[in-house]
Structures are given as C-alpha cells and as structure tokens.
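Contents: one structure, followed by commentary.
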Amino acid sequence: MGNCLSRSKRRVAKSGLDEQNANNIFSKTSNNQMVCSSNQYRSDSKTFPDAFTNIIDTNQKLLGQQEAANVNSDSSKNEHNPSPEKLIAMFSYESRSEGDLGFEKDDIMYLLDNTNPDWWYVKNSKGIPGYIPRNFVAFLKTPESFDWFAGRISRSVAERLVAGKQLPPGTFLIRERESDNLEYALTIRDIDQGLGVPCAKHYKIKEMENECGFYITKRMIFPSLEALVSYYSDRADGLCNKLTLAAPKMTPIGPDLCYDTQQNWEIPRHEVQLLRRLGEGNFAEVYYGHWRGKVDVAIKMMKPRTMSSEDFISEANTMKQCQHPNLVRLFAVCTKEEPFYIITEYMKNGNLLDFLRAETKEDKQQKLSSPKNPLTMQELVVICAQVADGMKYLEERKLVHRDLAARNVLVGEKVSGVPIVKVADFGLARKLMDDEQIYEAQTSTQFPIKWTAPEAAMLKIFTVKSDVWSYGILLYEIFTKGAVPYAGMSNSEVLVKIENGERMKCPYISNPDDSVLVKRIYEQVMLKTWEQQPENRPTFEALYHYFDDFFVKPKVIAIHEYQNQIKGNVCFDKGDVMILLNDSNPDWWFVKHLKNGEGFVPKNFVSKIDSLESEEWYAGEIQRSTAEDLVLAAEMPRGTFLVRKREGGEYALTINDLKYDSLDVKHYKIRPLDNASGFYITTHKVFPTVRDLILYYSKEPGDLCCRLTYPAQI
Numbered sequence: 048m049g050n051c052l053s054r055s056k057r058r059v060a061k062s063g064l065d066e067q068n069a070n071n072i073f074s075k076t077s078n079n080q081m082v083c084s085s086n087q088y089r090s091d092s093k094t095f096p097d098a099f100t101n102i103i104d105t106n107q108k109l110l111g112q113q114e115a116a117n118v119n120s121d122s123s124k125n126e127h128n129p130s131p132e133k134l135i136a137m138f139s140y141e142s143r144s145e146g147d148l149g150f151e152k153d154d155i156m157y158l159l160d161n162t163n164p165d166w167w168y169v170k171n172s173k174g175i176p177g178y179i180p181r182n183f184v185a186f187l188k189t190p191e192s193f194d195w196f197a198g199r200i201s202r203s204v205a206e207r208l209v210a211g212k213q214l215p216p217g218t219f220l221i222r223e224r225e226s227d228n229l230e231y232a233l234t235i236r237d238i239d240q241g242l243g244v245p246c247a248k249h250y251k252i253k254e255m256e257n258e259c260g261f262y263i264t265k266r267m268i269f270p271s272l273e274a275l276v277s278y279y280s281d282r283a284d285g286l287c288n289k290l291t292l293a294a295p296k297m298t299p300i301g302p303d304l305c306y307d308t309q310q311n312w313e314i315p316r317h318e319v320q321l322l323r324r325l326g327e328g329n330f331a332e333v334y335y336g337h338w339r340g341k342v343d344v345a346i347k348m349m350k351p352r353t354m355s356s357e358d359f360i361s362e363a364n365t366m367k368q369c370q371h372p373n374l375v376r377l378f379a380v381c382t383k384e385e386p387f388y389i390i391t392e393y394m395k396n397g398n399l400l401d402f403l404r405a406e407t408k409e410d411k412q413q414k415l416s417s418p419k420n421p422l423t424m425q426e427l428v429v430i431c432a433q434v435a436d437g438m439k440y441l442e443e444r445k446l447v448h449r450d451l452a453a454r455n456v457l458v459g460e461k462v463s464g465v466p467i468v469k470v471a472d473f474g475l476a477r478k479l480m481d482d483e484q485i486y487e488a489q490t491s492t493q494f495p496i497k498w499t500a501p502e503a504a505m506l507k508i509f510t511v512k513s514d515v516w517s518y519g520i521l522l523y524e525i526f527t528k529g530a531v532p533y534a535g536m537s538n539s540e541v542l543v544k545i546e547n548g549e550r551m552k553c554p555y556i557s558n559p560d561d562s563v564l565v566k567r568i569y570e571q572v573m574l575k576t577w578e579q580q581p582e583n584r585p586t587f588e589a590l591y592h593y594f595d596d597f598f599v600k601p602k603v604i605a606i607h608e609y610q611n612q613i614k615g616n617v618c619f620d621k622g623d624v625m626i627l628l629n630d631s632n633p634d635w636w637f638v639k640h641l642k643n644g645e646g647f648v649p650k651n652f653v654s655k656i657d658s659l660e661s662e663e664w665y666a667g668e669i670q671r672s673t674a675e676d677l678v679l680a681a682e683m684p685r686g687t688f689l690v691r692k693r694e695g696g697e698y699a700l701t702i703n704d705l706k707y708d709s710l711d712v713k714h715y716k717i718r719p720l721d722n723a724s725g726f727y728i729t730t731h732k733v734f735p736t737v738r739d740l741i742l743y744y745s746k747e748p749g750d751l752c753c754r755l756t757y758p759a760q761i
C-alpha cells in the first residue's frame, strides 16, 4: 500500500513496502487501509516534510534491498514462472463465446497475457482461463482499481459527473489533470452557500518529489491516493465536505462483440436477429436487434445494389478504426450476400434530431401536460461539446465525415442527467492522405445541400473545414430543438443566399436568459463556422474547448493588495481569488469575494485567471534583451523559458538553449489565427490557446530548439 514507486510502475505494481517500518508513520483502519497517524505526524513545522522524506527514503532503501534479495535467492523461479499480476473487475461481464470469460464486479483475476491491447488473457480464482475486455478491469491496488478514480478527464466533465440529481454532498472523484500528467485533482460536490445550489469544488493533489507520497496540503501527507481518500472520508479537515460517495460511472462498451470477432469481424447472418425497424435513409434501413440473443445491437441493412462490396468494406474499415467515447462503435459485418449488414452498438434514444423534436412537442403541450425532464441550456451545451469531441478525434486522424447533422448523431443513456451522444453514419467518410488537404467527390455523389459547405456543394471539394461548416448547422438544429435550417427555401435558393454572403439569422429562443447565451454562441461560434474561406473557420479542438468550458465561472486573482475600505468596494489580499460577476466597466469590475462579499474592485489590481497574467511563465510587455537576461539567469537549465507580449496581438516565446557551456537564446513568434480561434508557431500545428501551446512543447520539442522545462524567474 505504501510502496514508493514511480507513477508508471505504480499502475502495474503490487504492494511491497516493509509494513513494520511503514507502521512508524501509518496505521491501518479496520478495512486494512493505510492512513496517516494524525496525532503523531500532523505538523505545522517547516521541517516536517524533510523528516517525512527521510523516513520514506529509508523505507525505499529497505524495499530495494528486500527486492534484490528476492531476485538473487530465487532468480530462476521468477524467470521461468513469474507470479501473475492481480486484476479486479470494475464492472460485470457476461461471457459471449467459448473464448470469453464471464465475471462479476469486484472478482479477482490473474493476468496471463496482455499483448492484445483490447482483450487480456486471464484465469479466475477457480483457475479457469479465458479472454476478458481490458476496459472492464484494472490492476489491483492501483488508482484505477477504485470506483472513485475517473482517469484523464477535463475539469468540466468532472463537475458534471458529481452534479447528478439526487447525489449527496461529498460525492467525489479523483482524476488525472489534463494540464499536468504528474498531478491529480479531487472534485467534490458541495452546496454554494450564496446561491443554495449544488456546485463542484476542486483540489489539486500533488505528489512528493521523491514519488513517495501525496498531499493536498503538506501538513498531511499520505502514502497513496487510497489512504488520502480514506482519511478525508472520515473528516473534511479543510475540504468543503468529507468524501461520501464515489461519482457514478457508466458501464463501458466492450471493444468487440466477443474476443472471436476482434480479428474475424465477418459474422454469420443467422447470428443476427432483426427485431424492430428504427429508420430508413437513401441507402440503408436501420434495425434494432440482438446478436446471439444476448447483445443489443443496431443493424444497418444496405439496400441492394446501392453500394459495391469494395465501398462497403471501405466504409466498415473506416468505422472499425475509429474508437472514441463520442463515436458509434462498429462491431461486425455481414458481406457474404446482399443485403449487406453493418452491426454497431445500439443507442437506446435514437437519433438526435428526433430526440430534440420530441422535446419541442412536449414544450408545445406544456399547458396540457408538463414536459418530462426537458433539456436545459446547460445540457444542450454539453451535447455540443460531445459532438465536437468526437469530430476532434476524426480531425486529428484526417478523416472527413461529409454528412454531419443531427440525424446522424445518436443518443444513448444519461450520465449524471446528461444524455451521452455519439457521431454516427460514416457512410460518406473519406480519409485524407498525408499529402492531401482536400478530397474531390465523384459527380454522382449526393449531398445534403443545407448542411454542406459552399466549396463542397458547388465544387465538390471536401476538407475538415467543410465538416466545421456542417457543425455550425448542427448547432442551429440543437438550439432550436430540431428546426429545419433555411426553412422554406429550396437548395438552389440556399446556395445563392450563401454565395451572396448571407447567413441564417440567430435562432429565436423564448427564454430570455437562454436567448442571451444562444446569441453569444451565434456570434462567437456559429458565424465563424460559416466563414466563406475554409481556413478562417475554427478547428474542432477549439470548438470542443469552447463548449466544454462554456459554463465555467470566470474568476480573477488579486495581483496586488487592496485595502481601501470605501462603501461598495471589496478589500482583498494579494493572491485572493474572486468570482467575476461583471466586467463591463473599463476601470472597476464587480466581483464576489468568498469572505468579504460582493463589490467593486479596481481592474488593474486583479487579473482574470484564464488570462496569461496568472501564469508564472508570462512576462508581459518586456524588451527582447530583458527576456534573454531572465532565461539566462545563473544556474537556469536548458529549456528555461518565458512568454512575452508583442505588438499586434502576437506573443514571443524565449528559450534558454544552453549547449556545451555555450550560452544561447532562441526566440519564436506565437501568432494568432486571423479569426482568433487559435495560436501557432508553425502553421502545421495550431493550438486553441497559448496555454495549450506551452503544454504541448513542455512535453516534446517539436520544431523548437528543445523541450520547455522551467519557467524563468520573472
């Protein structure tokens, strides 16, 4: 439990720390969890972390000596018969073929072979071997083996998971932070004391430099995340709430129908049972059915002679390669005879267009019967983010969808009150080769004109940017809850309108609060997706971040102390964080301070946290020579860097490029895109924000002289 191993090793390691030494610091709870002894080692002393480190270092040496002894004493046994690693089932799984192994949640299994990334070969506690889906299990005693661990998800997704209806205060999860793979974050459901409504609080969990402990505050350090959770489950001790319930998770989709169909995904037609017709398109009918009477599936049955077998296989291959939480997963095909079948996962709530229109019908009948759980503005925005996330995946792989619309987005179960949506129908999808930026369609290909970008509709030239145009039309469908775009206009009239530079007007929304938000989305996003020049349209990555962060309350941080006690103003200390309520006044912003209430603060005393002023690597408007002096300060290593502001909205990245004791500095311009939807150093790599750019180059050098390592001392 208390083993001091690097993160990569902890993911697959078993406990091994000498418990006799560990007991000097930690005591066991009744359920065998290790917690920090609060009486002996709770300390405000500045020397406490050093003392703790010395004890842990001693334990680490003992562990290393013990491991070395084990290896020397029985090396031949370990070499020929290594002890299999233990796995724990995070979800139940029903066997679907002779090669599969069924199990119940919390069952223990032993890993025999993990060379296949999707299906692991194991044996259960009775010694029965078989294949299991990798995404249903975790290594025992690793963070992933606990229900409260959510993996690498965004802050806003974490907030949604703890915000579900009827969840108690203290509902929580731990996630890997997107901005830093070396840290975790604890997200807890709380009640906003001012508004009386549920909210989420976030706490950064840091790891000791010697990788032998975790802490939220250094006065309390724990040997593992499990110990940290155990401690704060008994007491809040500075947190907004004690931890009460792990945020619920949705059962994952298996990678395939069964292990046997992973490589051989041509299945016998008699194994598929068609139960109910779901819909029909130009080229196919879609049915709900069963595979082998066990698994719910959707069956896309192609109409005879509408597609060659080669094109059909090409479509299926495209879908098979795409695995993302917001893309419909393909399981198998039937191509031995017509009609061809494509078998995919089943989404119980049908397509998004019908789902939205059902909401509208309920709204119209509100006088007679109240609509059941109508979609809120926040839920609609989450749907937009999910679609953008799926399309971002295709964008990264140079895949063009070519038919993105609400009718081709499917709706599944709700998680924390929000429906899960997935992009479907890759019937027109085409992969762009590395040396291609566009795809020219055949003249016989049919396109939905009202959803199609002008260069695609008139010149039959498709790019990822033409999908972005279609996404803008999809946004119109979402916020109008299924209205027809360009209502009452023919395809030819629509093309003329677009060529003349005209665009659809902002959707009418009756709710005044929602209307303000939709107007903002229309001006900031929809109109940009309909730019005439494709290169001026935003990326799906930028669109995803826009909607994923849409409801994050803007905050400011005090960069100076302010104690002018005038009525209507708020006093604060340097470093205080406040919620920004109104920034319309150019000199005085209206904020909410946690302790001092609401009031005005001088704008030049605070900085928006989402602005670069809050970053330790941002130097503001300084001279080039000053930037060089800062990154070349004494003993600063290669890769020390800062970002400074230049004229015209540009920034500059300055890097210490020390080589062989020879001082050198490199400067790179960080330019914004013309439509302000991203930033870049080289045009082939564009980032939605300067932060994302810095994060990327801190992991790999790319086209820079070296990787970014340390921010300069500014």
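Going from the sequence shown to my numbering is simple: count from 1 and add 47. We treat Cβ as the ideally placed atom computed from N, Cα and C, and that holds for glycine. All values derive from a computational prediction rather than experimental measurement.
- Residue burial is scored here from C-beta neighbours: Ser513 has at least 16 other C-beta atoms within 10 angstroms and is therefore classed as buried.
- Residue state for His607 is assigned as coil, using DSSP reduced to three classes.
- For Arg224, the secondary structure class from DSSP, reduced to helix, strand or coil, is coil.
- Taking the Cα positions, Glu524 is about 15 Å away from Ile496.
- In this structure, Val184 lies near Ala136, with their beta-carbon atoms less than 8 Å apart.
- For the pair Tyr518 and Thr576, the CB atoms are nearer than the 8 Å cut-off.
- Contact between the segment 285-305 and the segment 369-388 is present: three or more C-beta pairs spanning the two stretches fall below 8 Å.
- For His249, the enclosing beta strand (DSSP E) covers residues 245-254.
- DSSP places Met348 inside the beta strand (DSSP E), whose first and last residues are 342-349.
- Counting only unbroken stretches of 3 or more residues, the beta strand (DSSP E) elements lying wholly within the segment 132-201 are 133-136, 155-160, 166-171, 176-180, 184-186, 196-199, in sequence order.
- Distances from the CA of Val653 to each of Ile613, Pro421, Ala605 were compared; the closest alpha carbon is that of Ala605.
- Contiguous beta strand (DSSP E) elements confined to the segment 344-404 occur at 377-381, 388-392, taking only those with 3 or more residues.
- For the beta strand (DSSP E) assignment, the uninterrupted runs of no fewer than 3 residues enclosed by the segment 621-662 are, from N- to C-terminal side, 624-629, 635-640, 644-649, 653-655.
- Partner residues in a beta bridge of Val678, as assigned by DSSP, do not exist.
- In the three-state reduction of the DSSP assignment, His337 falls in the strand class, which pools E and B.
- By the neighbour-count definition (other C-beta atoms within 10 Å, threshold 16), Leu710 is an exposed residue.
- According to the DSSP secondary-structure assignment, Phe269 is paired through a beta bridge with Phe261.
- Excluding five sequence positions before and after Ser139, the CB atoms of its chain that fall closer than 6 Å to its own CB belong to Glu151, Lys152, given in chain order.
- Pairing Glu254 with Phe261, the inter-Cα distance amounts to about 5 Å.
- Within 10 angstroms of the beta-carbon of Asp623 lie 16 or more other beta-carbons, which makes it buried.
- In the three-state DSSP reduction, Phe619 falls in the strand class (E or B).
- Just so you know, the alpha carbons of Ile175 and Trp166 end up roughly 16 Å apart.
- From the listed residues Val603, Pro649, Ala293, Glu442, the smallest Cα separation to Gly211 is found for Ala293.
- Annotation for Gly146: Gly177, Tyr178, Cys305, Tyr306, Asp307 place their beta carbon closer than 8 Å to its own, counting only its chain and skipping 5 residues before and after.
- For Asp436, the uninterrupted alpha helix (DSSP H) segment begins and ends at 424-443.
- One Cα belongs to Gly459, the other to Asn364, and the distance between them is close to 23 Å.
- Rounded to whole angstroms, Asp194 and Glu675 show a C-alpha spacing of 48 Å.
- In the three-state reduction of the DSSP assignment, Pro299 falls in the coil class.
- Thr499 is classed as buried because its beta carbon has at least 16 other beta carbons within 10 Å across all chains shown.
- Of the residues assessed, Leu134 falls on the buried side of the cut-off, its CB having 16 or more other CB atoms within 10 angstroms.
- The residues Gly459, Glu460, in chain order, have a CB closer than 7 Å to that of Lys395 in the same chain once the five nearest residues on each side in sequence are set aside.
- If you check the CB distance, Trp516 and Arg449 do not come in under 8 Å.
- In this structure, DSSP gives Gln320 an extended state, which the three-state scheme calls strand.
- Put simply, the segment 532-541 does not touch the segment 557-567. Fewer than three CB pairs are less than 8 Å apart.
- Look at the beta carbons and you see the segment 500-507 not touching the segment 434-445: under three pairs across the two are nearer than 8 Å.
- In this structure the segment 285-292 lies against the segment 200-219, because at least three pairs of beta carbons, one per stretch, are closer than 8 Å.
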